[in-house]
Every structure is written in C-alpha cells, then in structure tokens.
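Residue numbers are given in the numbering used here: position 48 of the sequence shown equals residue 49, and the series is strictly consecutive. What follows is a short report on a single structure.
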Amino acid sequence: MCIRDRYMGTIRMTPNEHYLKELSPPPEAFHLLLEPTDYKLGDGKSGIRRIFEGEVQYDGFEEKMLADFRTFAKNKKVELDEYWTKAPTLRFLQATHFKFEKTLETIVEHTAWRKKALPPQMTPRVEAFLSAGIIYIQGRDNNARPLIIFNASKLTNEYVGHLSTPT
Numbered sequence: 002m003c004i005r006d007r008y009m010g011t012i013r014m015t016p017n018e019h020y021l022k023e024l025s026p027p028p029e030a031f032h033l034l035l036e037p038t039d040y041k042l043g044d045g046k047s048g049i050r051r052i053f054e055g056e057v058q059y060d061g062f063e064e065k066m067l068a069d070f071r072t073f074a075k076n077k078k079v080e081l082d083e084y085w086t087k088a089p090t091l092r093f094l095q096a097t098h099f100k101f102e103k104t105l106e107t108i109v110e111h112t113a114w115r116k117k118a119l120p121p122q123m124t125p126r127v128e129a130f131l132s133a134g135i136i137y138i139q140g141r142d143n144n145a146r147p148l149i150i151f152n153a154s155k156l157t158n159e160y161v162g163h164l165s166t167p168t
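Next up, the structure:
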C-alpha cells in the first residue's frame, strides 16, 4: 500500500507502520528548547507545574510535599504501587491543591480504576467502532502534537443506540 507522507514523500508501509509513523514526532520536535517558565510558573503552593516527566528538576517545595505525602500515605497504611512515581504523584498533589487527604482518596480511586479499565480490551464492538473511522489519528499540527479526529457524522444508532434522544 502506498501512503503519502508529508516528510518522506510517497513510501510503502504496512498499516501498522503507518500508524507508528503518524504517532512519532517529526525530527524538528527534538530540537525544541524550553524556557524555565515552560516547566513551571510561580513558586510554592500557588505554583503551576506544566511539565512533570523527563529531565525535570523539582523545586524544594515539591520535593518536600512528595516526601511528606509518602509519609502521610504510609501512616494511613496505604501502599502506593509502582505507578506512583514522583511525576504522577505530584500531578495529583497539584490537582488537589496539596491537600493530602483528598490526594490519597483520589489516588486510591484512580488506582482502582486503572486495575479495572487497563489495559483496554479489544472486543468486537470496540474493533467495529474503531474500524468505522469515527475516531483516528491523522498527522500532526504545527506544534508537532498528534491530531485526533473525531468524526461525529459517522456515529449511528449502532454506537449510541443505548442513549435516549429527547422527543
């Protein structure tokens, strides 16, 4: 199958190779230099971190909150699994305004959801939904972010029939 690619011209790829190519950032995305404010705006409890993963240096406040939260969870006899590294834990702390009780409650709920919902199961219904072209990835925008297309016009009662429509 020949596929037209904006970076490499016309090339021959299998469908799986094509999807992997579409998910890969273009080479110029690796040359992006970030400013300190791209990582975090502000300080302390009112600071907003934007980037949590990668070669990120957490500030003293964040490191203290992470350590104090781990102690709090341990005292509550909640053992955090291997998913809860610094990055996701800090995301949840920031989202709950560093309120340890709320953070722990949210983490416990999220962990239960992850165990139930992940990995997603490829059922015949899900496969039919994906094959219908209702949602798919198509290239990247000018900032190298993947474009996820949701074509609502392809939704039919087969996919949303369980929803009631107002009369």
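In this text, a Cβ means the ideal position worked out from N, Cα and C, and glycines have one as well.
Which residues DSSP lists as bridging residue i, in chain order
i          : result
residue 94 : Residue 94 pairs with nothing; no bridge assigned.
residue 49 : 42
Start and end residues, beta strand (DSSP E) containing residue i
i           : result
residue 136 : 136-141
residue 149 : 147-151
C-alpha gap between residue i and residue j, whole angstroms
i           : j           : result
residue 1   : residue 38  : The first residue shown for the chain is 2 and the last is 168, placing residue 1 beyond what the model contains.
residue 165 : residue 123 : Confidence at residue 165 is low in this model, with a pLDDT of 48, below 50, so its placement is unreliable and the value that follows should be read with caution. In a straight line, the C-alpha of residue 165 is about 26 Å away from that of residue 123.
residue 80  : residue 106 : 13 Å
residue 138 : residue 148 : 6 Å
residue 42  : residue 90  : 19 Å
residue 25  : residue 121 : 22 Å
residue 85  : residue 111 : 11 Å
residue 83  : residue 109 : 13 Å
residue 61  : residue 126 : 49 Å
N-terminal and C-terminal residue of the alpha helix (DSSP H) that residue i is part of
i           : result
residue 125 : 125-132
residue 67  : 61-76
residue 81  : Neither: residue 81 is in no alpha helix (DSSP H) and is coded neither H nor E.
residue 38  : 37-40
residue 113 : 101-118
Assigned exposure category for residue i - 16 Cβ within 10 Å defines buried
i           : result
residue 63  : buried
residue 34  : exposed
residue 10  : With a pLDDT of 46 at residue 10, under the threshold of 50, the modelled position of that residue is not reliable, and the figure given next carries that caveat. Answer is exposed; the Cβ neighbour count stays below 16.
residue 104 : buried
residue 70  : buried
residue 113 : exposed
residue 68  : exposed
residue 74  : buried
Contact with chain D by residue i, beta-carbon distance below 8 Å
i          : result
residue 41 : Absent from the structure: chain D. Only one protein chain is present.
Q. Is the stretch 85-96 touching the stretch 48-55, taking contact as three or more C-beta pairs under 8 Å?
A. yes
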